[in-house]
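Undergrad: Those protein sequence lines, which keep their order, are chains V and Z. 106 is the number of the first residue of the first sequence in the numbering used here; add one for each residue after it. -2 is the number of the first residue of the second sequence in the numbering used here; add one for each residue after it. Heads up, the beta-carbon is just placed ideally off N, CA and C, and yes, glycines get one too. Provided herewith is a single structure, encoded as structure tokens, for subsequent inquiry.
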Amino acid sequence: MPHASELIQAVEYQEIQKLTDQRPDLQIGDTVNVNVKIVEGNRERIQVFQGVVIAMRGHGVNKAFSVRRVAAHGIGVERTFLFYSPRVESIKVLRHAKVRRAKLYFLRDRSGKSARLKERRMTV
Amino acid sequence: MKGILGKKLGMTQIFGDDGTVIPITLIEAGPCYVTQKKTAETDTYNAIQLGFGETEKRKLNQPKLGHLGKSGSPMVRHLREIRTSDAGDYEIGQKVDASIFKVGDIVDVVGTSKGKGFAGVVKRHHFAGGPKTHGQSDRWRSSGSVGAGTTPGHVLKGQRMAGRMGNDRVTVQNIKVALVDVEKNLIAVRGSIPGSNNSLVIIHESVKK
């Protein structure tokens, strides 16, 4: 008889397999385009949210990540998405950054030039 | 009324059709075996007795071995009765598995709640406790008055006080079945159910719906 945690993981794995989109290997500091499905009445459209991944939490099907972007007039906007949510149509990584911590909450206190992250080029 | 015994495995979540998150509790339900049938003529009420949790013969005592021997069912650890008027539909030794429920069914789940030990009135009965300031020193979580004075001269029966909390039989009514996997003997219900993981639970048809 399989262990309880294996059965729970199997159910979560099934849930993840339902997604048609292949999720990228997301890392802290990545600049991403998150395509979010938005339902208005009976119409469905895709909204793009672009920003920096400043936090990830949870694991398995409950994994989530926070994206921060600076909107007009320097207003910071942060949104948290469930990594495997079917409402997130796709995630596209645009750029990696050199970061030294798991949560980039210090970006909230910075603006302009000091809020930039140094790019890290991946060797393929 | 149909029912099945199971073991609470733990909680996780799935996504609904519209992308909403549905919290679920996974239960390893069955396989159960009918070990005895009770009828109004012989036992004054109608029920079937189900056995769950296959185990080794050496772990069972003689009375249980004798009882299970009569039914010809495998060696099971737990026996529980499900009240049902259609006991005639079951045969002794028959296997009952997760297929008796399907997704969307409304069920009740019975379990034994987690023991909280000797708990105060704030935790046990949701009393408000006393004020924290204005000269109070020792009554943050106290109950206050337990009754009047000389009349009636005693504390009324049923007055809620501190005491043992939890470890009780608790039924959660009218919850939806979210998943059924007959091969893996899995049933998932929406939301939480009483008790700790690995504890015995009874799932049966909803009484009120």
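Decide if Z/Asn182 is buried, meaning its Cβ has at least 16 other Cβ atoms within 10 Å, or exposed.
TA: Here the question's residue 182 of chain Z lines up with position 185 in the second sequence. Classification of Z/Asn182: buried, given that the 10 Å Cβ count is 16 or more.
Undergrad: Does chain Z have any CB closer than 9 Å to the CB of V/Asn167?
TA: Locating residue 167 of chain V in the first sequence gives position 62, where the first residue counts as 1. Chain Z contact via Cβ: present.
Undergrad: Would you list the residues sitting across from Z/Phe124 in a DSSP beta bridge?
TA: Position 127 of the second sequence, counted from the start, is the residue given in the question as residue 124 of chain Z. Its beta-bridge partners do not exist; DSSP assigns none.
Undergrad: Bridge partners for Z/His207 per DSSP, in chain order?
TA: The question about residue 207 of chain Z has no answer here: the residues shown for chain Z are numbered -2 through 206.
Undergrad: Output yes if chain V places a C-beta closer than 9 Å to the C-beta of Z/Ile199; else output no.
TA: Start at 1 with the first residue of the second sequence, and residue 199 of chain Z comes out as number 202. No, no contact with chain V.
Undergrad: Determine, using beta carbons only, whether Z/Leu2 and Z/Ala37 come nearer to each other than 9 Å.
TA: As a working mapping, residue 2 of chain Z is identified with position 5 in the second sequence. As a working mapping, residue 37 of chain Z is identified with position 40 in the second sequence. Going by C-beta atoms, Z/Leu2 is not nearer than 9 Å to Z/Ala37.
Undergrad: Counting only C-beta atoms, is Z/Thr41 closer than 9 Å to chain V at any point?
TA: Position 44 of the second sequence, counted from the first residue, corresponds to residue 41 of chain Z. False, the Cβ-Cβ gap to chain V never drops below 9 Å.
Undergrad: For a contact defined as C-beta to C-beta under 9 Å, what are the partners of V/Ser190 on chain Z?
TA: Walking along the first sequence from the start, residue 190 of chain V turns up at place 85. Within 9 Å Cβ-Cβ: Phe12, Gly16 and Val18.
Undergrad: At what residues does the alpha helix (DSSP H) containing Z/Ala159 begin and finish?
TA: By one-based count along the second sequence, residue 159 of chain Z stands at place 162. First-last for Z/Ala159: undefined, no H or E at that position.
Undergrad: Nearest-angstrom Cα distance between Z/Thr130 and Z/Arg138?
TA: On the second sequence, residue 130 of chain Z is found 133 positions in, with the first residue counted as 1. On the second sequence, residue 138 of chain Z is found 141 positions in, with the first residue counted as 1. Going from the Cα of Z/Thr130 to the Cα of Z/Arg138 covers about 13 Å.
Undergrad: Can you tell me the Cβ-Cβ gap for Z/Gly50 and Z/Ser70, rounded? I've got them flagged as a contact below 8 Å.
TA: Along the second sequence, one-based indexing puts residue 50 of chain Z at 53. Along the second sequence, one-based indexing puts residue 70 of chain Z at 73. The pair is not a contact, with the Cβ atoms about 12 Å apart (cut-off 8 Å).
Undergrad: Can we say the segment 174 to 188 of chain Z touches the segment 135 to 149 of chain Z, given the rule of at least three CB pairs closer than 8 Å?
TA: At 8 Å Cβ cutoff, the stretches do not touch.
Undergrad: Looking only at C-alpha atoms, which of Z/Thr41, Z/Leu153, Z/Val119 and Z/Met162 sits nearest to Z/Ser82?
TA: For this step, residue 82 of chain Z is matched to residue 85 along the second sequence. For the set Z/Thr41, Z/Leu153, Z/Val119 and Z/Met162, the Cα lying nearest the Cα of Z/Ser82 is the one of Z/Thr41.
Undergrad: Is it right to say Z/Gln33 is buried, meaning 16 or more other beta carbons lie within 10 angstroms of its own, or is it exposed?
TA: To locate residue 33 of chain Z, count along the second sequence from 1; it is residue 36. Flag for Z/Gln33 reads buried.
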